[in-house]
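Protein sequence lines correspond, in order, to chains S and H.
Counting the first sequence from 1 gives a position; my numbering is that position plus 124.
Counting the second sequence from 1 gives a position; my numbering is that position plus 4.
Using N, Cα and C, we set each Cβ at its ideal position, and we do this for glycine too.
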Amino acid sequence: MERSDRRLNIALGIGLAGLVLVPWYRIEAGFYGLSWLKNFPTGSAEAPGILQAFEFGRWNLALIALIFAVAIAARFLRVSALRSNLLIAAGGAGILFLVWQGLAIGYTGWSWTINETLFGPLADGQPSMGAGAGLTALALVLFFAFGLAERGVLRGDAFVVASITLLVFLVAIFVFYPVGSMFVGAFQSFDGSFDPSGFVRNIQDPSIWSLDCLVGGNRCGIAWRTFFLAVLTASGSTILGLCFALVATRTRFPFKKGLRLLTILPIITPPFVIGLALILLFGRAGVVTQQISHIFGVEPGRWLYGLTGIWIAQVLSFTPISFLVLIGVVEGVSPSMEEASQTLRADRWRTFWRISLPLMKPGLANAFLIGFIESMADFGNPLVLGGSHGVLSTEIFFAVVGSQNDPSRAAVLAIILLVFTLSAFLAQRLWLAGKSFATVTGKADSGAHIALPRSLSIGVHAIVIPWALFTLVVYGMILVGGFVRTWGLDNTLTFEHYQRAFSFAFENGAIAWTGVAWNSFWTTMEIALISAPLTAAVGLLTAYLIVRQRFFGRSVFEFALMMSFAIPGTVIGISYVMAYNLPPLEMTGTALILIACFVFRNMPVGVRGGVAAMSQLDKSLDEASLTLRATSFRTIRKVILPLLRPAIVAALVYSFVRAITSISAVIFLVSAQYNMATSYIVGLVENGEYGVAVAYSSMLIVVMIVIITGFQLLVGERRLRRENRVATAFVPAAVPQEKATP
Amino acid sequence: MNNRTGSVVFTNVKKQFGSFTAIHDLSLDIEPGTLVTLLGPSGCGKTTTLRMLAGLEHPTSGRILIGGKDVTMLPANERDVSMVFQSYALFPHMSVLENVAYGLESSGMKKSEARQRAEEGLTQVGLAGYGQRLPAELSGGQQQRVAVARALVLEPQVLLLDEPLSNLDARLRRRVRTEIRELQQRLGFTAVYVTHDQEEALAVSDRIIVMQDGVIAQQGSPRELYEAPASSFIADFIGEANVVPCEVLGNDGTEAIIRVARLEHRVPARSARPGPARIAVRPNAITLEAAEEAAFPGSIRHAAYLGDHVEYEVETEAGTLFVVDPAIDRNLAPATNVSIGFHHRGIAIINN
Ligand SMILES: Nc1ncnc2c1ncn2[C@@H]1O[C@H](COP(=O)(O)OP(=O)(O)O)[C@@H](O)[C@H]1O
Ligand SMILES: [Mg+2]
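#1: As a quick exercise: from S:I297, S:F268, S:I174, S:R199, pick the residue whose alpha carbon is nearest that of S:L227.
#2: So for S:T467, helix, strand or coil by DSSP?
#3: Using the Cα positions of S:W373 and S:I138, report the straight-line distance between them to the nearest angstrom.
#4: Kindly indicate if chain H contains any beta-carbon less than 8 angstroms away from that of S:D870.
#5: Does S:F268 pass the burial test, meaning 16 or more other C-beta atoms within 10 Å, or should it be called exposed?
#6: Going straight from the alpha carbon of H:G59 to that of S:E747, what length do you get?
#7: Closer than 7 angstroms to a non-hydrogen atom of ligand 1 - does that hold for the CB of H:T51?
#8: Please state the DSSP three-state secondary structure of H:G302.
#9: Assign S:I539 to buried or exposed, taking buried as 16 or more other Cβ atoms, counted over all protein chains shown, within 10 Å of its Cβ.
#10: Who are the Cβ neighbours of S:L201 in its own chain at under 8 angstroms, not counting the five residues just before and after it?
#11: Below 7 angstroms on C-beta distance, what does H:F95 contact in chain S?
#12: Quick check on S:I385: buried or exposed, where buried means 16 or more other Cβ atoms within 10 Å of its Cβ?
#13: Taking the alpha carbon of H:I184 as the point to measure from, which residue in H:E204, H:V247, H:I283 has its own alpha carbon closest?
#14: S:I831 to S:V777, Cα distance in whole Å?
#15: Reducing DSSP to helix, strand and coil, say where H:V219 ends up.
#16: Compare the C-beta of H:V12 with all C-beta atoms of chain S and state if any pair is closer than 8 angstroms.
#17: What is the C-beta distance between H:F14 and H:L39, in whole angstroms, given that I count them as a contact (C-beta under 8 angstroms)?
#18: In the region 470-556 of chain S, which residue ranges form an unbroken alpha helix (DSSP H) of at least 4 residues, counting only runs that do not cross its ends?
#19: Straight-line CA distance for S:S795 to S:S803?
#20: Any idea if H:E61 is buried or exposed, counting beta-carbon neighbours within 10 angstroms, 16 or more meaning buried?
#21: Please classify S:D129: is it buried, with 16 or more other beta-carbons within 10 angstroms of its beta-carbon, or exposed?
#22: Assuming S:G271 and S:I212 are in contact, meaning their beta carbons sit under 8 angstroms apart, how far apart are those beta carbons, in whole angstroms?
#23: Would you kindly work out how many angstroms separate the C-alpha atoms of H:N171 and H:A207, rounded to a whole number?
#24: Return the bridge partner residues of S:F155 from the DSSP annotation.
#25: Any beta carbon from chain H within less than 8 angstroms of S:D97's own beta carbon?
#26: Round the Cβ separation of H:M56 and H:P63 to the nearest angstrom and send it over; I've been treating them as touching at under 8 angstroms.
#27: Is it right to say H:D74 is buried, meaning 16 or more other beta carbons lie within 10 angstroms of its own, or is it exposed?
#28: Is it buried or exposed, H:P233, if we count other Cβ atoms within 10 angstroms and call 16 or more buried?
#29: Tell me whether H:G133 is buried or exposed, calling it buried when 16 or more other Cβ atoms sit within 10 Å of its Cβ.
#30: How about H:R111: is its C-beta nearer than 8 angstroms to some C-beta of chain S?
#31: Could you pull the start and end residues of the alpha helix (DSSP H) that S:L206 belongs to?
#32: Tell me whether S:G407 is buried or exposed, calling it buried when 16 or more other Cβ atoms sit within 10 Å of its Cβ.
#33: Which same chain residues end up closer than 8 angstroms to S:R845 when comparing Cβ atoms and leaving out the 5 residues on each side of it in sequence?
#34: Would you mind sorting S:H418 into buried or exposed? The rule is 16 or more other CB atoms within 10 Å of its CB.
#35: Could you say which of S:A489, S:A652, S:M727 lies nearest to S:L685 if we only look at CA atoms?
#36: What do you reckon, are the CB atoms on S:M711 and S:A667 nearer than 8 angstroms?
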């Protein structure tokens, strides 16, 4: 049998299964519970698509079945232009119609009045799509792709065409559809009808836009406060990051290795932990506050709770990221430039100001924009420290969960936040692109970097050493904090918090997880373990397509993917809630929505790592494999993946860790059944249970350190076993760099 | 080991990259069992042609047939050809044996059988016993042979080689090209061989196809191209040549009489018509005699002693001539006036 027929058979099989073997619609009690088997196939809720169409008279599904029949007919034609055109038409039309009918027919009938006037009222609405609809959609996408492949698109490579089509389809569903729903949501009233009043009211709200802090002496609107905070955080972390980078690369500072370890911290630290540690230090009951009020007799202040506190926490959190970016930049300045400057009678001071610094400018701008985006997107620190002086991301959250419950306001705030971060992202991509003077790898250039001018060297040390110590103290707080009974009031050491969180007992020969943290801990591990391989797979596949395939719209494809990373987690969270709460897709409260969120939020990092690693692999290796009769799929499996092993490990570790530490999107999506560690900790903080919260956080950090070192050891072992030049070349690309740019 | 050797036909193949046309309307016909070279300067489209044959690029228009079957739309992994890459593209994480067995296993052969056939393939290229090494543990020449073995064990209808010698040092090149040619003649497969080195092309080919800017400039046997170049480009590209303007005085069907300056000479006719024309003169087909008076006078501008011959640049009224003179003892000094003559062989009239 020809390959083209075989793969079509598979697609047909999937589609038939979708139409005949499983329920078309979503099963309320959960598909995997298999409770639907009882009433399958005759129950009206459980019936498969084919029965829904012809038994229950759903004409919309009948049409899909008809389109499917066209594809079956095409299968039995010989490979020809007619057959490929039929497949393309059936697949394309099928998908479009499937999406249209899903959006157009809701629970109670037509979703839009225009259809009602056009086609008359519907007798019956429909629930959300389920397994059957999903499989059928997959089959239709495959028909479309295989039709294109038979036409010779992308050199007739069915695997590549199908991968691209599927990825575009998935990104559309899980990134663009929710964000689009959020935009629509801004213009809807509760019952879903068009109502711009909420949008108009909110977008003009002075509590968002007021500039009173500049002129009137009152507080500024929330948009501006968030913006100013982001600018200050970005400036602070860029300057500090530059100082760290200079110390690490241009001085004889004795603890450079230790400094570099700092860059791993932000990856393994849940985002609110810094804020938490600051509370333990400077909060009303903090150690420092208590000491000072004790010694000087001043009343403990609340200055930490507000923008100042958030700012300190953010600078602490993001300086390592900026440091990481700027190490590359500082090292990338070609030493020969500096040497040339010195031979031209410039002293070190002049060389630094006139040559080195200007050459670093694009890198500095990049670090600034990264800090800006991170600050804007940060949710954990403002949530812990902000109180009523929130920023956009927390305000969005309170607009939906709090007493306000104003989805329209949440949507408007999310749109404003999105505009800020996307502008910074666009600036980074369009304006900074191609402006870098630094050599990317820093190789090939001989010569050494000159030392810093003496005064500057003293200056950066004076900044770096205290700040590094401060960071150490903060992290020390996190580790110690879990062992102290009640901060400020009763500083006796205790295991009580750990016991409360992680106690377990042996009962009847089985372990009983009696600690309060176990539930969310295991859920977190489970979800992280499921989503990490998916994220890595999707990310690396995308990287392969971007690096190795030339297809129409490739740069747009890449750009859209990368852009999805600049969407703040809060915005993703709110848009997922708005999109997946009603038909055609209902996923809120399930594990699936958490997994989808992690996969599509963290995938761009896998893409970036994969692109970097794959660009180092000679393209003729894949081509050799193709001419040796291997399909693209086999080529990836046998040739590319083994050579990319370190990049795979990095992507796996990163997505695993991110799934554990992230909070901003997660907090919208958790449910009683699927609660994640971070949102559980935030709950503890809100109840004032700092001890347990800190204990739980340090436990997470320790778990992640163990996992990362474990993975690193595995990679190292591989390198020892085989002296493989290709492999070793990738190892430096392991974990830390991944967070370099969002 | 191969009895399925196939022909190759291109009809009106065109390939564009964006708005840039790399191949214009290429038609060619390669007989089964021959070794055909695609020769031309860098960037003329040789690799692109080869890659279209392999299925790694698809033509913008036109048709490609392999062994009489239209493969224009067929993806690379379904074509019955295999390729030796310029960089060899050996998989660095697989042993030599795994590399050679890879294609067989991809085609669905059982692992044990594939391994055995791979061993045989390695023996064919003189690498029996090297199967367990990693590619990085082989010398350049050995890697090259692994790449050939890996392609050959698939018994393709056509073997494609893209500048297979370019990563070898000069000494090894001569030996390996002889090996490849012997292998091809012994096993009788069709081979398409890309190179930009004319000497290599002359040494290994049954036929040479010279390309220039995406079109075929001339094709023929090595001897035809050398002795009867169709253009001054070919004449200069295949062995060096001095292109000299001349006057055709007459043509008796087998020989023509030409005149350069006041020197008259007989050359193979090649349907030359009386009137102004050009000849391609090989550097070693020119004789030099020290003389003040001559029918075709010249003056030595530069002389370089190269051990077994002397190279001269000679100023004449027909332009500067490049001359290779085996008479090393004579060593004419610069500014010597010479009389220029031609050997009988080594001169061809260029028709256009
Ligand atoms: N993938 C490509 N995209 C754009 N231009 C290409 C591509 N591949 C080859 N070319 C162009 O086509 C021309 C022929 O290239 P090639 O076939 O590699 O030449 P060569 O004869 O040196 O092997 C060159 O000008 C090259 O720049
Ligand atoms: Mg080439």
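Let's see:
#1: S:I297
#2: helix
#3: The amino acid occupying residue 373 of chain S in the given sequence is Thr; Trp does not appear at that position. Roughly 57 angstroms between the two C-alpha positions.
#4: Look at the range of chain S in this structure, 125 to 866, and you will see that residue 870 of chain S is not part of it.
#5: buried
#6: 10 angstroms
#7: yes
#8: strand
#9: buried
#10: R207, L210
#11: L745, V763
#12: The question names Ile, yet the displayed sequence has Leu at residue 385 of chain S. Label assigned to S:L385: exposed.
#13: H:E204
#14: 8 angstroms
#15: strand
#16: no
#17: In fact, because the Cβ distance is near 17 angstroms, the residues do not count as touching under 8 angstroms.
#18: 472-475, 481-501, 504-509, 516-525, 531-550
#19: 10 angstroms
#20: buried
#21: exposed
#22: 4 angstroms
#23: 18 angstroms
#24: Bridge partners of S:F155: none, in fact.
#25: This structure cannot settle anything about residue 97 of chain S, because the visible part of chain S is limited to 125 through 866.
#26: 5 angstroms
#27: exposed
#28: buried
#29: exposed
#30: Before going further, note that residue 111 of chain H is Ser rather than Arg in the sequence given. Yes, its Cβ sits closer than 8 angstroms to a Cβ of chain S.
#31: 205-228
#32: buried
#33: In this predicted model, S:R845 has a pLDDT of only 36, less than 50, meaning its place in the structure is not dependable; the value taken from the coordinates is given anyway. Closer than 8 angstroms at the Cβ level, and outside the excluded window around S:R845, lies no residue.
#34: exposed
#35: S:M727
#36: no
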